[in-house]
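First comes the structure, then the notes that go with it.
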Amino acid sequence: MFEKLALYCDKSANLIPVSFVLGFYVALVLERWWGQFRTVPAPDGLMVAVAGSVHGADARGRLLRRTLLRYGSLAALLVLRAVSTPVYKRFPTTDHLVQAGE
Numbered sequence: 001m002f003e004k005l006a007l008y009c010d011k012s013a014n015l016i017p018v019s020f021v022l023g024f025y026v027a028l029v030l031e032r033w034w035g036q037f038r039t040v041p042a043p044d045g046l047m048v049a050v051a052g053s054v055h056g057a058d059a060r061g062r063l064l065r066r067t068l069l070r071y072g073s074l075a076a077l078l079v080l081r082a083v084s085t086p087v088y089k090r091f092p093t094t095d096h097l098v099q100a101g102e
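Quick note, the sequence shown lines up with residues 1 to 102 if you use UniProt numbering.
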């Protein structure tokens with residue numbers, strides 16, 4: 001029975017090239033990785049938008065920009081904490097976030 005199965009698999013292996021199947025597999029893995037990479041937020045875009053749209057060199061403008069940027073950094077840190085073990089070990093509770101100044 002095993003010999004018949006081995007012969008059948010050997011005969012069927014010639015129908016579809018291994019490189020063709022491997023190409024599909026690599027494309028699928030890279031697509032999933034790229035999707036996850038694009039999903040993780042980076043606060044840089046938000047920071048550029050805030051710096052460009054919130055004007056004022058006085059204390060109120062600086063405080064508003066700083067507060068918005070801190071909220072953006074905190075949101076990114078909370079997301080990274082949910083998906084990254086080293087970040088979660090560094091900030092296991094919200095008290096650790098407060099101590100670090102986030």
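In this text, a Cβ means the ideal position worked out from N, Cα and C, and glycines have one as well. Note that this is a predicted model, so its numbers are computed, not measured.
query                                                                                               : result
Length at least 4, wholly inside the stretch 34 to 74: the alpha helix (DSSP H) runs in chain order : 44 to 53
Nearest-angstrom Cα separation, counted from residue 86 out to residue 2                            : 47 angstroms
Cβ distance (whole Å) where residue 76 is taken to contact residue 42 below 8 angstroms             : 7 angstroms
Whole-Å CB distance - residue 68 paired with residue 54, under 8 angstroms assumed                  : 7 angstroms
Terminal residues of the alpha helix (DSSP H) in which residue 15 lies                              : Per DSSP, residue 15 belongs to no alpha helix (DSSP H) and is neither H nor E.
Span separating the alpha-carbon of residue 4 from that of residue 13                               : 14 angstroms
Per-residue DSSP class, three states only, for residue 93                                           : coil
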